[in-house]
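If you read the sequences in order, they're chains L and G.
Those letters in the first sequence? Residues 158 to 799, per the numbering used here, in order.
Those letters in the second sequence? Residues 1372 to 1630, per the numbering used here, in order.
Virtual Cβ for every residue (Gly too), placed ideally from N, Cα, C.
Please read the structure below before turning to the comments.
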Amino acid sequence: MTLTLDSHIPDGPLEDKWDNYKFDLKLVAPNNRRKFEVIVVGTGLAGAAAAATLGEMGYNVKVFTYHDSPRRAHSIAAQGGINSAKNYRNDGDSVFRLFYDTIKGGDYRSREANVYRLAQVSLNIIDQCAAQGVPFAREYGGLLDNRSFGGAQVARTFYARGQTGQQLLLGAYQALARQIHLGTVTLHNRTEMLDVVVKDGRAVGITTRDLLTGELEAHSGHAVMLCTGGYGNVYYLSTNAMACNATAIWRAHRKGAAFANPCYTQIHPTCIPPADETQSKLTLMSESLRNDGRIWVPTGHEDERRAVDIPEDERDYYLERKYPSFGNLVPRDVASRNAKTVVDEGRGVGPLHNGVFLDFADAIQRHGRDTIEERYGNLFDMYERITGENPYQTPMRIYPATHYTMGGLWVDYNLQTSIPGLFALGECNFSDHGANRLGASALMQGLSDGYFVGPSTVAGYLANWLGTDAVPTDDKAFTESLDQTGGRVDQLMSVNGTSSVDHYHRELGKIVWDYCGMSRNAAGLQKALTEIPALREQFWADVRVPGRADGVNQSLENALRVADFMELAELKVRDALHREESCGGHFREESQTEEGEAKRDDENFSYVAAWEWGGEDIQRDAVLNKEPLEFERVELTQRSYK
Amino acid sequence: MSKVLELTLEVWRQDGPGTKGAFETYTVEIPDDASFLEMLDKVNENLFQAGQEPITFDHDCREGICGSCGVMIDGQAHGPQKGTATCQLHMRQFSDGQTIRVEPWRAAGFPIIKDLMVNRAAFDRIVESGGYITVTTGAAPDANEIPVPKDAADSAMDAAACIGCGACVAACPNSAANLFTAAKMQHLNQLPQGQAERWRRSESMVETMEEFFGSCTNHGECQEACPKEITIDFIAMMNRDYLRSKLVNRRRLGERKIG
Ligand SMILES: Cc1cc2nc3c(=O)[nH]c(=O)nc-3n(C[C@H](O)[C@H](O)[C@H](O)COP(=O)(O)OP(=O)(O)OC[C@H]3O[C@@H](n4cnc5c(N)ncnc54)[C@H](O)[C@@H]3O)c2cc1C
Ligand code: FES
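Take a look at the structure:
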């Protein structure tokens, strides 16, 4: 171990840590802020919120996105809602309960102090967004409406129809647009970051590629904040947008940032199953559907009948049967694994027998079609557009798909990675969700990190550098990074092999899904550890990137991303192999209860696995560092949703 | 069960902003449960196999929400299905043997970058000029302190559903951006939180729009093309607010002490 992982968790009672800490943090006086250049990569909830807020505070901000407009970040696609412990329903919610639910939902694999802060800040987020004009759902009295989401037993989820992520992102984007207009923030759109520049052990800038001209550029700053989203596309098929990728965090990892818990991925239970091989991505159907839909499969195998022709006594409502108290509302990982079990048994539905039914017949009978249409009309339309089937008449077909990555860059309480000056916000860090994320909590975390935590804690770092200039871009650290990045581009362009980048991405996805997806075992993971490096070698020997590097070239953009996914996949599997317990989204078949539920091993695995880059032979060279998790306020129990 | 379609495509190919473009003809076989963009993926896979350069087009979420995608399909922005972005359009909307013409958005405000990819940055400039409510992070009152009548909230949401794809501009014979601008503006102008800046916002957003785009002559094609079915009623509301803003803002200017 060469890293020292200090989480910098403040002393004192849980409730006071964040307030005390903010008081103790070094500040940068308003008149000094414009002397600092801060680089923000990403304009999703985390990045747009951080860049806008830092701009408002008076810092000189440069913000980067590979999209044409900041508003297109993947956050835009979130449907369901955002949690906050406002307790506007008076149903017993509180900061402590949201904290408790998040720790428990994460299967006790996250830090108490971070999660408590998240629950506290959740109150400010809703205030901020409502004031920005985010059109949250309201009641007739004009006050905000809430719903219960993802199995929570209180109604703490705020939402804007089925487009919550869109509306929250537009709020942050508009705040950012205002700063761009005022000149505090400079926008670099259609620009992809390809490297972090490190000098004397701290982050001093980034290397980027202009996606229109192909030009490589160096940008320097006093601090770099990565807000680049999750790595779910390592599976190829996922609910993530097509361009979501891990290059920013992977390049940071290679430069010394520890990567935490890469094996923790969330598989979302309600997605539309793939129709055929041409499928390019999977579509999520909001989890809210499980509030009214009943999940079932036929009792018999390979049943070819239409759903309506299957009589009641030949249907298996397996979640209601196995989990009488939570029924269809069990957490995501439990719902997903059970769907896999019945499909693997040969009881799947649809032309490819690769899904389970989500049936609204009872709900329509109970509440009337109008009510169901009001609740889910958009989603039903979307489903029909994609599948050509009408869910008012025939049950939806759903199957789990990769959705969210809890793992990410290791960060301390400041959201600073193990490279000083390099921060990670939003889905790209590992901080708050442990081994499983609760529904409607990612938007909350992105905005908490972006509006409230990052902009405060970065000041504590910047204060140390008052009076120094950002490192000039003709420094050796920059020119070396430019050379290396240019070398990588040239190498990819010159392989000139036979297969497309997509082909390799698809192959990689299959391996990772088969052996490191919803359920994992040592033999499968070992197999993946031989197959992934072989595929990676083949990729570098056989890929062909058509076109030229000095202009728009989407194949090249993709090739650079897939090359990094190949490496990340290996670390992810390595991590999954080492964690010989089941927890949250990580289900090791060797570690289950007699009833087939996930079994944690707190004795041996109650820690954050923070991997350090050791060299190109990832499974051999990666160095495991452990940050022990200590629980002062929450008692560890095995989750039970019976 | 899906069936396979055999299609002929005429696709606009253009190397760069300054160069001349032309239609190229391709054939493709595709299952009818594939999406339109998956069909283009297939064409690209074929081009790759033939050693040619794939077609460049913008896309990302493929769920009809990010607003990245959008092409003219047989002269219709986002193609034949109402209320549907290109990425959500599925091939069952087409028939076997059909010839389909695929072009980029055509508008002076959206210069072509390459093939089907255009530059829509002018939309960002419109928002930057006033499409926001000024509220510094941390300065907000409790969210329930500002009640918003449900009707206003719902109508604001109808406007805010805009995905910024640019179909409205592409469909308009004048390449006007009135539907986009109106949607962005009326999302905020209808809310109590948006009142303080209402007149400033209305004036500057309209005038920024006019720098980049043509004038609206009420054809209504925009509403037909909009994948989110945003209504042109918002344009009427914008026009009213703009006129009013001219009066209000002039008066305010007069009230201000000069010198
Ligand atoms: C379909 C779907 C539905 C969801 N629904 C919900 C929900 O209801 N509630 C909830 O809480 N969560 C939900 N989530 C999860 C949530 O949307 C995400 O976790 C969250 O939005 C991530 O935000 P972010 O800011 O961290 O990253 P993103 O929004 O992914 O933004 C990443 C940004 O980084 C930029 N970027 C990345 N790499 C680079 C690079 N190398 N160079 C330059 N720019 C780069 C991108 O351009 C983009 O701007 C959902 C997710 C999906 C997929
Ligand atoms: S790709 Fe996002 S709207 Fe079509």
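Remark: the shortest separation between the CB of Glu724 of chain L and any heavy atom of ligand 1 does not fall under 8 Å. Taken in chain order, the unbroken stretches of beta strand (DSSP E) that lie wholly in the region 493-576 of chain L and span 3 residues or more are 513-516, 553-562.
Bounds of the alpha helix (DSSP H) holding Val1498 of chain G are 1492-1499. Shortest gap from the CB of Thr1457 of chain G to any heavy atom of ligand 2: under 8 Å. His338 of chain L belongs to the set of residues whose beta carbon lies under 9 Å from a beta carbon in chain G.
The Cβ of Ser437 of chain L sits closer than 9 Å to at least one Cβ of chain G. Taking all protein chains shown into account, Val719 of chain L has 16 or more neighbouring C-beta atoms within 10 Å of its C-beta and is therefore buried.
Taking CB atoms only, Arg1433 of chain G has a neighbour in chain L less than 9 Å away. Burial check for Pro1544 of chain G: the Cβ neighbour count within 10 Å stays below 16, so the residue is exposed. Taking 9 Å as the cut-off, the Cβ atoms of Ile337 of chain L and Gly1438 of chain G do not count as close. In the three-state reduction of the DSSP assignment, Ser712 of chain L falls in the helix class. Around the CB of Asp248 of chain L, fewer than 16 other CB atoms lie within 10 Å, so the residue is classed as exposed. Apart from sequence neighbours up to five positions away, the residues of its chain that approach Lys261 of chain L with a beta-carbon distance below 7 Å are Arg796, ordered along the chain. Just so you know, the alpha carbons of Val1375 of chain G and Pro1402 of chain G end up roughly 4 Å apart. Using a Cβ-Cβ cut-off of 9 Å, Ala1538 of chain G does not count as an interface residue toward chain L, since no Cβ of chain L sits closer than that to its own. Identification of chain L residues near Cys1437 of chain G by a Cβ-Cβ cut-off of 7 Å yields Arg229, Ile233, Ala234, Ala398, ordered along the chain. Among the residues of the region 201-225 of chain L, those with a Cβ less than 9 Å away from any Cβ of chain G are Ala206, Ala209, Thr210, Glu213, Met214, His224, Asp225, in the order of the chain.
Residues of chain G whose Cβ lies closer than 7 Å to the Cβ of Ala332 of chain L are, in chain order, Tyr1503.
Closer than 8 Å at the C-beta level to chain G, one finds these residues of the region 640-662 of chain L: Ser657, Asp659. Distances taken from the Cβ of Gly596 of chain L to the heavy atoms of ligand 1 include one shorter than 8 Å.
Here Ala317 of chain L has Val291, Pro292, Phe293, Ala294, Gln324 as same chain residues with Cβ atoms under 7 Å from its own Cβ, once five neighbours each way along the sequence are excluded. Here Gly319 of chain L has Gln236, Ser443, Asn535, Leu536 as same chain residues with Cβ atoms under 7 Å from its own Cβ, once five neighbours each way along the sequence are excluded. Within chain G, Lys1521 have C-beta atoms less than 7 Å from the C-beta of Glu296 of chain L, given in sequence order. Counting only unbroken stretches of 3 or more residues, the beta strand (DSSP E) elements lying wholly within the region 300-375 of chain L are 342-345, 348-356, 359-367, in sequence order. Per DSSP, Trp453 of chain L is one residue of the beta strand (DSSP E) stretching across 451-455. Residue contact check for Phe1494 of chain G against chain L: a CB pair falls below 9 Å. Put simply, the CB of Lys1485 of chain G is near chain L, with a gap under 9 Å to one of its CB atoms.
Contiguous beta strand (DSSP E) elements confined to the region 568-643 of chain L occur at 579-581, taking only those with 3 or more residues. With a threshold of 8 Å, the Cβ atom of Ile282 of chain L does not count as near ligand 1, since no heavy atom of the ligand is closer than that.
Annotation for Cys585 of chain L indicates a beta carbon within 8 Å of some heavy atom of ligand 1. With a 10 Å radius around the Cβ and a threshold of 16 neighbouring Cβ atoms, Asn1589 of chain G comes out exposed. Cα atoms of Gly624 of chain L and Tyr178 of chain L: separation of roughly 25 Å, rounded to the nearest angstrom. The region 1451-1468 of chain G makes contact with the region 1389-1405 of chain G; the number of CB pairs closer than 8 Å reaches 3 or more.
Residue burial is scored here from C-beta neighbours: Thr1390 of chain G has fewer than 16 other C-beta atoms within 10 angstroms and is therefore classed as exposed. In terms of Cα proximity to Ala464 of chain L, the closest of L:Arg254, L:Tyr549, L:Ile239 is L:Tyr549.
In the three-state reduction of the DSSP assignment, Gly1585 of chain G falls in the strand class, which pools E and B.
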